[in-house]
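See below for the structure under consideration.
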RNA sequence: GGGUGCGUGGCCUAGCCAGGAUAGGGCGCUGGCCUUCUAAGCCAGAUAUCGCGGGUUCGAAUCCCGCCGCAUCCGCCA
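Take a look at the structure:
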């Protein structure tokens with residue numbers, strides 16, 4: 003895929019490299035900057051100054067005179083920088099037809115013929131998702147969308163821990179406790195009561211603890227009947243969780259149960275292979291991996307692979323899962339909470355020892371509440387469903403301020419609400435901690451999804467009212483207004499944003515860009531009358547292009563590009 | 001104790017990987033803009049020792065070292 007802004011930048015680099023060689027006789031590695039406001043691209047002459055012993059100001063002056071080309075509108079030498087401005091008419095002439103032709107795929111990258119599995123969410127199905135956990139599916143789903151746009155073939159997986167303690171507690175509760183369950187239309191909210199009660203009983207009652215441990219042991223030994231029973235309980239909870247995700251426009255391609263790697267013998271094989279390693283040792287009968295040689299330091303450098311009785315541990319089964327997963331795709335990416343860093347390191351080391359594919363991991367920091375860490379047991383928690391409900395109410399109220407009740411109103415309110423939730427989470431980089439605040443999560447103004455959706459709706463509104471949509475883009479159209487030119491340049495940067503986002507596995511960059519584009523369009527909207535203007539025709543082309551790129555950005559973010567609001 | 005991540009106006013955040021010019025946004029605050037394509041918008045204004053201290057460099061929010069604060073991990077749990 004050839005994008006025009008790239009061509010422009012390449013021309014500038016080549017021109018500069020050429021000029022440097024001609025004047026100073028050096029092969030220079032021309033690294034361009036894209037400073038905001040100063041120029042479209044700039045070349046600082048300071049390091050060259052050192053090499054050739056001439057002042058940066060002088061060099062900039064000299065080079066500026068020699069840089070020219072059809073993509074270059076203007077070159078200036080300012081304080082040791084060569085500042086280059088793109089020819090926006092040339093850019094528009096190349097870019098706008100391309101956006102029109104490529105449509106929904108504008109900005110995407112060439113098919114890479116590589117398959118990727120993005121594992122995300124993978125929460126224990128013992129109760130409803132809370133806002134903290136929701137960061138995982140939002141990052142995971144957006145990343146998956148971004149990678150798809152970046153040319154990868156992506157599938158998503160949710161690893162279901164169906165034989166762990168959490169699910170065993172839920173199962174014990176559901177089968178032993180006779181209790182009044184809360185009224186709720188979703189099963190995850192009803193069943194979590196069993197989990198909570200059982201978990202607190204387990205702390206005080208040793209016999210309960212023993213029974214739960216026994217369930218775990220039986221599950222680990224591959225008791226199919228029991229595992230089926232357990233599934234019949236957690237399955238309902240999981241369904242509820244999946245339903246919440248669906249509200250947010252998140253679906254997961256495949257659910258993989260942990261017990262599968264007991265049944266197929268792969269966990270056992272992992273253990274047998276690892277015990278041959280020089281890095282593993284025995285503590286009694288328990289097998290462990292010494293993590294010290296792999297840069298892990300702390301109170302205890304041993305990471306256990308089996309218990310004293312030879313049974314596997316969660317992390318060991320996770321290794322088996324990754325061995326299997328690695329056979330399904332060229333590349334593996336996991337989205338995990340930062341508390342899983344050590345476990346992920348262990349999985350990575352184990353996979354290296356087994357000569358298997360190692361996953362990349364995106365770690366995200368926790369979402370806390372102003373009053374502290376989220377905790378289901380301390381009832382200090384905001385459930386995702388409560389946020390969804392609240393967001394929808396609030397969105398509906400806002401829509402009702404602006405339009406009469408009609409058949410579109412629920413659709414609009416729903417997508418404003420879900421967009422706001424997704425955007426609020428994804429706009430912050432994964433490694434930053436988030437303190438959840440209702441007023442921020444339900445913000446529909448400023449840097450938010452509704453702001454972007456609104457700009458999109460404005461585009462749609464103009465295009466709807468236009469007498470006709472120009473089918474052909476006039477290649478000689480000139481965009482004289484500053485706001486038009488800024489818009490053209492911002493549109494042209496979209497493919498770069500996608501490329502960088504893919505390379506850095508950073509979906510937040512797309513969120514940032516979408517806001518910038520919407521904001522840039524709002525300036526155009528303010529300054530440039532479209533309908534009824536003598537420049538209507540060419541401005542409609544620009545509006546259509548903006549609508550398309552906003553739409554593509556929103557698509558990556560998993561947010562509905564609303565046509566009306 | 002050790003590892004890892006984070007620390008940018010009152011609050012939130014981009015920029016950090018690949019060091020460059022007046023640190024870009026948003027919320028909130030003050031004041032202004034709807035007979036004109038949707039005011040979920042726009043304009044103007046106030047607010048910043050880029051956690052602290054060193055170092056490298058012509059140049060550091062960005063790289064290196066030390067310190068402080070917050071988070072997280074260091075279970076034969078998951």
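Numbering (the working numbering), first residue to last: 3 to 567.
Backbone N, C-alpha and C fix where the C-beta goes; we use that ideal spot for every residue, glycine too.
Does the separation of the CB atoms of residue i and residue j fall below 9 Å?
| i | j | result |
| --- | --- | --- |
| residue 118 | residue 331 | yes |
| residue 143 | residue 560 | yes |
| residue 376 | residue 195 | no |
| residue 562 | residue 410 | no |
| residue 172 | residue 130 | no |
| residue 260 | residue 316 | yes |
| residue 350 | residue 337 | no |
| residue 115 | residue 155 | yes |
| residue 313 | residue 223 | yes |
| residue 357 | residue 429 | no |
| residue 282 | residue 231 | no |
| residue 228 | residue 235 | no |
| residue 19 | residue 32 | yes |
| residue 574 | residue 306 | Residue 574 cannot be examined here, being either before or after the span of the chain that is shown, 3 to 567. |
| residue 373 | residue 335 | no |
| residue 268 | residue 355 | no |
| residue 7 | residue 77 | no |
| residue 132 | residue 386 | yes |
| residue 325 | residue 348 | no |
| residue 370 | residue 433 | no |
| residue 211 | residue 379 | no |
| residue 106 | residue 557 | yes |
| residue 481 | residue 90 | yes |
| residue 523 | residue 489 | yes |
| residue 257 | residue 193 | no |
| residue 140 | residue 364 | no |
Can you name the residues that DSSP bridges to residue i?
| i | result |
| --- | --- |
| residue 336 | 121 and 363 |
| residue 85 | 44 and 78 |
| residue 371 | 374 |
| residue 155 | 117 |
| residue 5 | Answer is none; residue 5 lacks a bridge partner. |
| residue 162 | 259 |
| residue 385 | 132 |
| residue 304 | 292 |
| residue 35 | 44 |
| residue 314 | 308 |
Drop a sphere of 10 angstroms on the beta-carbon of residue i, count the other beta-carbons inside from all chains shown, and report buried for 16 or more, exposed for fewer.
| i | result |
| --- | --- |
| residue 109 | buried |
| residue 438 | buried |
| residue 23 | exposed |
| residue 310 | exposed |
| residue 464 | buried |
| residue 555 | buried |
| residue 478 | exposed |
| residue 190 | buried |
| residue 21 | buried |
| residue 503 | buried |
| residue 448 | exposed |
| residue 287 | exposed |
| residue 53 | exposed |
| residue 284 | exposed |
| residue 164 | buried |
| residue 506 | exposed |
| residue 209 | exposed |
| residue 415 | buried |
| residue 435 | exposed |
At 4 residues or longer, and completely inside the segment 212–295: list those alpha helix (DSSP H) runs for me, N to C. Scanning the segment 212–295 from its first residue to its last, the whole alpha helix (DSSP H) runs of 4-plus residues come out as 226–249, 262–265 and 268–276.
Ranges of the alpha helix (DSSP H) found wholly within the segment 403–491, counting only runs of at least 4: Fully enclosed alpha helix (DSSP H) runs of no fewer than 4 residues occupy 411–428, 440–443 and 451–467 of the segment 403–491, in order along the chain.
For the 8 Å Cβ check, are there 3 or more pairs between the segment 62–71 and the segment 454–471? Look at the beta carbons and you see the segment 62–71 not touching the segment 454–471: under three pairs across the two are nearer than 8 Å.
Go through the segment 509–543 residue by residue and report every complete run of the alpha helix (DSSP H) that reaches 4 residues or more, in order. Whole alpha helix (DSSP H) segments, 4+ residues: 510–529.
Are there three or more Cβ pairs, one per stretch, closer than 8 Å when the segment 434–452 is compared with the segment 387–405? Taking 8 Å as the limit for Cβ pairs, the verdict is that the segment 387–405 does touch the segment 434–452.
Are the segment 69–77 and the segment 14–31 touching by the rule of at least three beta carbon pairs closer than 8 Å? Flag = yes, the segment 69–77 and the segment 14–31 touch.
Quick check: the segment 49–63 against the segment 79–87, are at least 3 beta-carbon pairs closer than 8 Å? Using a Cβ-Cβ distance cut-off of 8 Å, the segment 79–87 and the segment 49–63 are in contact, since at least three pairs of beta carbons, one from each stretch, lie closer than that value.
Is the segment 494–513 touching the segment 530–550 in the sense that three or more CB pairs, one from each, lie closer than 8 Å? Because the criterion of three Cβ pairs below 8 Å is not met, the segment 530–550 and the segment 494–513 do not touch.
Would the segment 268–275 count as touching the segment 295–305 if we require 3 or more Cβ pairs under 8 Å? Verdict: no, contact absent.
Decide yes or no for the touch test of the segment 245–254 against the segment 299–306: beta carbon pairs closer than 8 Å, at least 3 of them. With the cut-off at 8 Å, the segment 245–254 and the segment 299–306 do not touch.
Three or more C-beta pairs under 8 Å: does that hold for the segment 29–43 against the segment 182–196? No: the two stretches stay apart, fewer than three of their Cβ pairs being nearer than 8 Å.
Just checking, does the segment 454–461 make contact with the segment 522–532 on the three C-beta pairs under 8 Å criterion? Contact between the segment 454–461 and the segment 522–532 is established, with three or more Cβ pairs separated by less than 8 Å.
Assess contact between the segment 487–495 and the segment 94–106, defined as three or more Cβ pairs (one per stretch) separated by less than 8 Å. Is contact present? The segment 487–495 vs the segment 94–106: in contact.
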